[in-house]
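Asks: Quick one: this structure, given as structure tokens, is what I'll be asking you about.
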């Protein structure tokens with residue numbers, strides 16, 4: 496967001512450094528912070544995995560269903576890569592197509608999560624049911640919020656692409672959103688493994 | 016924000032003085048000053064809270080305050096001093112000097128920087144508004160569960176969970192910004208190991224915050240969910256474990272104490288060489304010791320929990336780790352002494368505060384090592400001994416360091432010197448008052464006086480030392496009134512002696528530019544050839560290694576390398592074509608929206624209305640900010 500400042504700091508136009516590392520550095524730092532953020536929630540979940548307070552526990556999980564929605568989310572990383580690739584090749588039409596595809600796959604995952612939450616609530620697992628319920632909904636809910644934010648950003652970029660206003664020197668750009676989106680996917684791999692698959 | 020011919024040349028309206036110019040500023044120097052002034056204001060408020068607490072404890076069985084007011088005041092004192100005074104004053108120095116010290120024209124993300132400041136201010140105001148809305152948080156700044164999850168019909172502790180969360184967002188944004196600045200914005204030749212120690216310590220602190228804040232943020236969300244949505248994270252009756260809060264809090268809380276003190280160590284590492292007229296002894300050791308403190312600081316959090324029954328293995332491990340962290344700290348102290356050794360020491364006010372920092376911090380560090388001994392700590396836990404310890408490291412340590420920094424850099428900020436006589440009165444009163452206040456607390460603590468205690472009866476032998484401590488606290492107040500008067504006198508009454516570019520004969524880049532610096536910092540990008548480059552340009556060494564002033568050197572514009580100079584032709588910056596980011600109101604809009612959203616969360620369920628409004632404002636601000644060009648196009 497400040498390439499002018501950077502340019503100025505680096506001695507003006509004749510020393511035109513690649514300005515991307517500035518934003519990318521900050522994004523990586525932010526994602527590092529996010530890892531601790533999710534780490535604390537995963538630790539809490541592990542602490543309370545069997546603390547069901549008489550309510551339902553991990554037997555609620557429908558592994559085939561969640562595997563399918565996890566697959567959808569992982570595929571969205573592929574479409575994100577294609578979007579970034581198209582953007583690097585200055586192909587706005589392809590960029591837009593893959594951005595929208597990524598947003599749709601993300602939305603599909605979110606729909607699956609909403610369906611899953613509704614199911615669980617019907618079967619008696621709510622936030623105030625047990626420490627297990629509290630930590631399950633907090634962890635997966637925060638991940639869902641991250642996906643929703645990503646979908647919002649992807650949609651915003653898709654809309655901007657119609658007026659040709661996608662730049663790589665603004666805070667909102669394909670590469671940074673891509674990093675964020677891959678992070679959200681990677682965290683889901685950890686959550687899916689720890690929460691759903693590891694049934695001790 | 017119209018585009019004029021003038022804008023085309025320097026951008027960011029230099030010299031504008033209106034309030035709007037300050038609200039929309041993205042200049043790291045102005046933001047630094049805003050941080051400093053805000054932190055100073057909170058310092059006096061937090062100090063008054065401490066004085067009320069000390070007044071209540073002046074003698075046995077006093078009832079100056081109600082017990083409820085007492086609980087609010089000691090909670091708010093801790094909260095204020097940690098989050099609204101020491102962290103922001105460190106941010107003030109970092110904002111102002113990190114870019115200049117590394118030869119940059121601004122931080123990496125000027126608007127994100129403005130966002131961090133405004134969110135800090137609004138969060139502080141939000142927390143303080145609780146005094147008028149039914150009472151301030153009263154569960155201590157550490158907010159231990161289950162105390163903090165009780166009484167959910169009273170919203171006090173919600174102000175604390177939400178206020179701290181918002182401050183955390185502000186700090187994470189600022190830290191990402193500082194890391195990107197230090198890694199990508201350094202001037203040519205400014206390698207990492209040529210960065211001044213203060214810049215290094217700012218960098219280490221930014222990493223500490225990035226990796227520690229999320230832990231407490233999760234803890235705070237959990238508390239918030241427990242209090243407002245019936246979650247059971249800390250409900251022991253349902254199988255929840257209140258100890259989880261202590262872990263999540265201290266995984267943040269212990270690195271936090273290094274967050275508070277490392278920038279002060281950085282300042283001391285700048286002040287000592289300047290006034291001892293010697294290079295810093297063992298620069299790489301000081302830098303790596305700071306980084307080592309940062310690393311080990313993540314592995315000692317449970318020494319705050321030795322009485323919670325973790326078992327002997329965990330206690331032994333954390334005890335040893337705590338002793339280990341004394342090693343890099345000791346390395347720093349010996350390096351500072353080595354810097355002073357054989358130097359031509361000039362004992363003016365910044366130097367006095369820095370030397371006092373070393374002495375007071377050493378005392379606090381030694382009492383800290385006694386906490387690493389588990390049986391001893393079990394005896395001292397939650398007594399005034401602990402209060403004495405952390406005030407020696409955080410007041411005699413950190414605050415003295417920051418005050419030293421104010422005396423040292425005030426000429427750079429304002430172009431005027433602070434008065435030496437007033438400064439020395441301030442120093443001696445502060446030193447005496449400080450030791451009178453906190454020295455006796457060691458004895459009180461060892462005699463069993465618990466901290467956060469509202470009243471104590473007669474006959475326990477605590478009365479005399481408490482009286483001494485209270486008198487000392489008032490002496491500290493008087494000393495800081497001298498400080499405030501000194502600042503008002505020098506700057507606002509313009510009675511301070513004029514400072515040139517380089518009043519202390521300094522060694523870092525900020526002394527090469529005018530006082531106060533121009534909006535773009537450097538007319539031409541400096542090129543750095545060595546550690547303490549500016550010093551080497553002023554002094555050569557004779558055969559015996561003594562510094563000899565080189566002829567025809569006049570401070571200022573020394574580091575210009577003509578070959579890589581900018582494309583302008585003027586010397587006052589007016590005609591240089593340097594594009595600085597334009598002012599923007601989006602950061603203040605986004606941070607205001609974020610604070611409104613937070614305020615709404617405190618008053619659920621009807622607060623959802625405010626959450627909605629705040630969310631819209633926040634998104635408006637963030638999207639506007641992402642889409643506006645950095646400099647206005649012509």
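Residue numbers (the numbering used here), protein chains in the order written: chain A, 496 to 695; chain B, 16 to 649. Ideal Cβ positions, reconstructed from N, Cα and C, are used throughout, including at glycine.
In this structure, how does DSSP classify residue 556 of chain B when only helix, strand and coil are distinguished?
Replies: Here residue 556 of chain B sits in strand by DSSP.
Asks: How many Å lie between residue 601 of chain A and residue 80 of chain B at the Cα?
Replies: Going by the C-alpha atoms only, they are around 56 Å apart.
Asks: Rounded to whole angstroms, what is the Cα-Cα separation between residue 503 of chain A and residue 33 of chain B?
Replies: No answer about residue 503 of chain A holds up, because its pLDDT of 42 lies below 50 and its placement is not dependable.
Asks: Taking Cβ-Cβ distances shorter than 9 Å, what residues in chain A pair up with residue 450 of chain B?
Replies: Result: empty, since nearest Cβ-Cβ is about 39 Å, beyond 9 Å.
Asks: Measuring alpha carbon to alpha carbon, tell me which of B:66, B:67, B:97, B:78 ends up nearest residue 54 of chain B.
Replies: Answer by Cα proximity: B:97.
Asks: Closer than 9 Å, Cβ to Cβ, to anything on chain B: give me those residues from the region 619-643 of chain A, in chain order.
Replies: Correct list: 621, 622, 623, 624, 625, 626, 627, 628, 629, 630, 632, 633, 637.
Asks: For residue 164 of chain B, which residues in the same chain have their Cβ closer than 7 Å to its Cβ, ignoring the five residues on either side in sequence?
Replies: The answer, listed in chain order, is 238, 241, 242, 249.
Asks: What distance in whole Å lies between the Cβ atoms of residue 531 of chain B and residue 430 of chain B, which are believed to be in contact at a cut-off of 8 Å?
Replies: Confirmed, Cβ separation roughly 5 Å.
Asks: Apply the 10 Å Cβ neighbour rule to residue 619 of chain A and answer buried if 16 or more other Cβ atoms are within range, or exposed otherwise.
Replies: Result: exposed.
Asks: Can you list, in chain order, the residues of its chain with a C-beta nearer than 8 Å to that of residue 42 of chain B? Leave out the 5 residues immediately preceding and following it.
Replies: Excluding residues within five positions, the ones whose Cβ falls inside 8 Å are 27, 121, 125, 534, 595.
Asks: Check residue 563 of chain B in the structure and name its three-state DSSP category.
Replies: Strand at residue 563 of chain B.
Asks: Considering only heavy atoms of the ligand FMN, does any lie closer than 8 Å to the CB of residue 199 of chain B?
Replies: Because no ligand of any kind appears in the structure shown, any question about the ligand FMN cannot be addressed here.
Asks: Let me check one thing: in DSSP terms, what residues is residue 465 of chain B bridge-paired to?
Replies: Paired residue(s): B:398.
Asks: Alpha carbon to alpha carbon, what distance is there between residue 649 of chain A and residue 586 of chain A?
Replies: Rounded to whole angstroms, residue 586 of chain A to residue 649 of chain A spans 17 Å at the Cα level.
Asks: Residues in its own chain within less than 6 Å of residue 177 of chain B by CB, not counting five upstream and five downstream?
Replies: So the qualifying residues of the chain are 613, 616, 617.
Asks: So, helix, strand or coil for residue 142 of chain B, using DSSP?
Replies: Helix, per DSSP.
Asks: Please list, in chain order, the chain A residues whose beta carbon lies closer than 9 Å to that of residue 256 of chain B.
Replies: By Cβ distance, chain A contributes 542, 543, 546, 626.
Asks: List, in order along the chain, the chain B residues whose C-beta lies closer than 9 Å to that of residue 551 of chain A?
Replies: Here the premise fails: no neighbours, minimum Cβ distance about 14 Å.
Asks: Going along the chain, which residues of its own chain have a beta-carbon closer than 7 Å to the beta-carbon of residue 321 of chain B, five neighbours each way excluded?
Replies: Cβ neighbours of residue 321 of chain B beyond the five flanking positions: 330, 389, 392, 393, 396.
Asks: In the region 115-137 of chain B, which residues sit with their C-beta less than 7 Å from some C-beta in chain A, listed in chain order?
Replies: Hits within the stretch, in order: 119, 120, 121, 123, 124, 125, 126.
Asks: Per DSSP, what kind of secondary structure is residue 104 of chain B in: helix, strand or coil?
Replies: Helix, per DSSP.
Asks: Can you tell me which of B:358, B:609, B:643, B:445 puts its alpha carbon nearest to the alpha carbon of residue 627 of chain B?
Replies: Comparing Cα-Cα distances from residue 627 of chain B to each of B:358, B:609, B:643, B:445, the minimum goes to B:609.
Asks: Give the secondary structure of residue 513 of chain B by DSSP, where H, G and I count as helix, E and B as strand, and everything else as coil.
Replies: In this structure, residue 513 of chain B counts as strand in the three-state DSSP scheme.
Asks: Compare the C-alpha of residue 93 of chain B against each of B:108, B:82, B:113, B:62 and name the closest.
Replies: Nearest option by C-alpha distance: B:62.
Asks: Please identify the residue among A:543, A:673, A:621 whose C-alpha is closest to the C-alpha of residue 244 of chain B.
Replies: Minimum Cα distance to residue 244 of chain B is reached at A:621.
Asks: In terms of DSSP beta bridges, what is residue 431 of chain B paired with?
Replies: Bridge partners of residue 431 of chain B: B:513.
Asks: May I ask which residues mark the beginning and end of the alpha helix (DSSP H) holding residue 661 of chain B?
Replies: Outside the shown range of chain B (16 to 649) lies residue 661 of chain B, about which nothing can therefore be said.
Asks: Does the CB of residue 693 of chain A have a neighbour CB from chain B at under 9 Å?
Replies: Not one chain B Cβ lies under 9 Å of residue 693 of chain A.
Asks: So, at 7 Å on beta carbons, what are the nonlocal neighbours of residue 574 of chain A in its own chain, with the 5 sequence-adjacent residues on each side left out?
Replies: Cβ neighbours of residue 574 of chain A beyond the five flanking positions: 593, 596, 597, 600.
Asks: Work out the CA separation of residue 106 of chain B and residue 224 of chain B for me, nearest whole Å.
Replies: For residue 224 of chain B and residue 106 of chain B, the distance between alpha carbons rounds to 12 Å.
Asks: Keeping to the same chain, check which residues put their C-beta closer than 6 Å to that of residue 433 of chain B; ignore five residues upstream and five downstream.
Replies: Only 422, 425, 501, 505 meet the Cβ criterion.
Asks: With H, G and I counted as helix, E and B as strand and the rest as coil, what does DSSP make of residue 618 of chain A?
Replies: In this structure, residue 618 of chain A counts as coil in the three-state DSSP scheme.
Asks: Is the beta carbon of residue 340 of chain B closer than 9 Å to that of residue 360 of chain B?
Replies: No; because the gap between Cβ atoms is not below 9 Å, this pair is not in contact.
Asks: Taking the alpha helix (DSSP H) that residue 64 of chain B falls in, what are its first and last residues?
Replies: Residues 43-71.
Asks: With a threshold of 7 Å on Cβ separation, who are the neighbours of residue 100 of chain B within its own chain once the five nearest residues in sequence on each side are excluded?
Replies: 54, 57, 58, 61, listed in sequence order.
Asks: Can you give the Cα-Cα distance for residue 442 of chain B and residue 626 of chain A, rounded to whole angstroms?
Replies: Distance between the alpha carbons of residue 442 of chain B and residue 626 of chain A: 53 Å.
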